[in-house]
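Participant: One structure, pasted below without further comment.
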Amino acid sequence: HDAMTRNCTHVGIPKKNLPTKLVTMVKLSVEHHQIISPSIDPKDPNTAVEVYFQVSKDNVLNRVLVDLIAHILEEPLYCQIRTKEQFGYQVSCGARWTFGVIGLSFQVVTACKSAEEASNRIDTFLQQFRSELASMDNTTYLEHLAGLAKNKLEMFDSLEDECSSHWSEIVERRYDWEAHRAEVLTLRCISREKLLHAYDEWFNPVCSTGQPNKRRKMVIHVIGTGEGDASIGRPTVDHSKPVTDAVEDLVKSFHKSVKN
Numbered sequence: 308h309d310a311m312t313r314n315c316t317h318v319g320i321p322k323k324n325l326p327t328k329l330v331t332m333v334k335l336s337v338e339h340h341q342i343i344s345p346s347i348d349p350k351d352p353n354t355a356v357e358v359y360f361q362v363s364k365d366n367v368l369n370r371v372l373v374d375l376i377a378h379i380l381e382e383p384l385y386c387q388i389r390t391k392e393q394f395g396y397q398v399s400c401g402a403r404w405t406f407g408v409i410g411l412s413f414q415v416v417t418a419c420k421s422a423e424e425a426s427n428r429i430d431t432f433l434q435q436f437r438s439e440l441a442s443m444d445n446t447t448y449l450e451h452l453a454g455l456a457k458n459k460l461e462m463f464d465s466l467e468d469e470c471s472s473h474w475s476e477i478v479e480r481r482y483d484w485e486a487h488r489a490e491v492l493t494l495r496c497i498s499r500e501k502l503l504h505a506y507d508e509w510f511n512p513v514c515s516t517g518q519p520n521k522r523r524k525m526v527i528h529v530i531g532t533g534e535g536d537a538s539i540g541r542p543t544v545d546h547s548k549p550v551t552d553a554v555e556d557l558v559k560s561f562h563k564s565v566k567n
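Residue numbering for the sequence shown follows this note's numbering, starting at 308 and increasing by one per position.
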């Protein structure tokens with residue numbers, strides 16, 4: 308073992324020599340980019356919608372703000388759109404971290420609503436929930452802070468979970484092995500005013516003047532073949548070619564639209 312250690316001089320590839328990971332910046336606009344794709348499985352009756360908001364390059368303050376907003380939104384979003392309104396059997400939201408870019412994603416999978424209805428409902432929810440966020444009492448707000456901090460400081464359930472966490476840091480090239488501890492410390496300085504400002508800037512469809520807000524928003528519709536509203540808007544598929552070719556063409560078209 309000692310001989311192997313003495314003879315091993317490789318220290319890895321310098322960070323500056325690693326291939327660059329490019330992430331497309333979504334345009335700041337009242338409008339949004341949209342990709343409408345047929346489902347790959349022609350027998351799948353479900354339609355899936357993802358509404359993605361791009362926030363900023365990574366920094367611990369914005370990362371924590373997005374995590375906190377997602378933590379606060381998750382339960383009322385599910386309760387209202389999934390349980391009460393029966394929009395779909397899967398409704399969720401969560402923070403995204405993509406090679407150094409922070410975002411927030413909302414997802415709905417439905418067999419009874421159109422993709423357009425589902426994506427519009429998310430925007431309506433974000434606009435309506437703003438008043439609940441502003442009127443939230445201090446006790447409830449502190450409970451959310453404490454709950455998120457507790458989640459971040461939880462011990463790993465297994466070596467597999469810990470290994471997966473460390474590998475994700477390597478894959479994403481962040482190499483911040485104590486990220487959760489830094490995030491919990493940052494949570495202590497997040498006031499409700501900071502939270503509302505971030506919510507209004509990044510996610511609220513309407514600005515303080517009542518006009519449409521500019522956001523970095525992208526919407527993806529994957530439309531199935533079910534009966535009823537869920538299949539409304541499904542693109543026509545050339546059956547002489549694989550559906551995957553049509554999906555690839557849609558992605559290429561999106562990259563051209565953002566000049567990437």
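By construction, the Cβ of each residue, glycine as well, lies at the ideal position given by its N, Cα and C atoms.
1. Please state whether DSSP places Glu461 in a helix, a strand or coil.
2. Mind pulling the alpha helix (DSSP H) runs of 4 or more residues that sit fully within the stretch 430-508?
3. Which first and last residues belong to the beta strand (DSSP E) in which Ser363 is found?
4. Is it the case that the stretch 391-405 contacts the stretch 370-377, given that we only count it when at least three CB pairs across the two stretches are under 8 Å?
5. Could you pull the DSSP bridge partners for His528 from this structure?
6. Alpha carbon to alpha carbon, how far is Asp545 from Asp552? Give it in angstroms, no decimals.
7. Tell me, to the nearest whole angstrom, how far the beta carbon of Ile409 is from that of Val362; I am working on the premise that it is less than 8 Å.
8. Which stretch, first to last residue, makes up the beta strand (DSSP E) that contains Thr405?
9. Using CA atoms only, rank isn't needed, just tell me which of Pro352, His340 and Ser336 is closest to Asp536.
10. By Cβ distance below 8 Å, which residues in the same chain neighbour Phe561 in space, the five residues on each side in sequence not counted?
11. Do Val565 and Ser344 have their beta-carbon atoms positioned less than 8 Å apart in this structure?
12. Are the Cβ atoms of Val416 and Tyr396 separated by less than 8 Å?
13. Less than 6 Å between C-beta atoms, sequence neighbours within five positions excluded: which residues of the same chain meet that for Val358?
14. Using three-state DSSP, classify Thr390 as helix, strand or coil.
Facilitator: Quick look at the numbers:
1. coil
2. 445-460, 466-478 and 486-494
3. Thr354 to Lys364
4. yes
5. Ile343 and Val356
6. 10 Å
7. 4 Å
8. For Thr405, the enclosing beta strand (DSSP E) starts and ends at Gln397 to Thr405.
9. Pro352
10. His340 and Ile342
11. no
12. yes
13. Phe413, Ser426, Ile429 and Val526
14. helix
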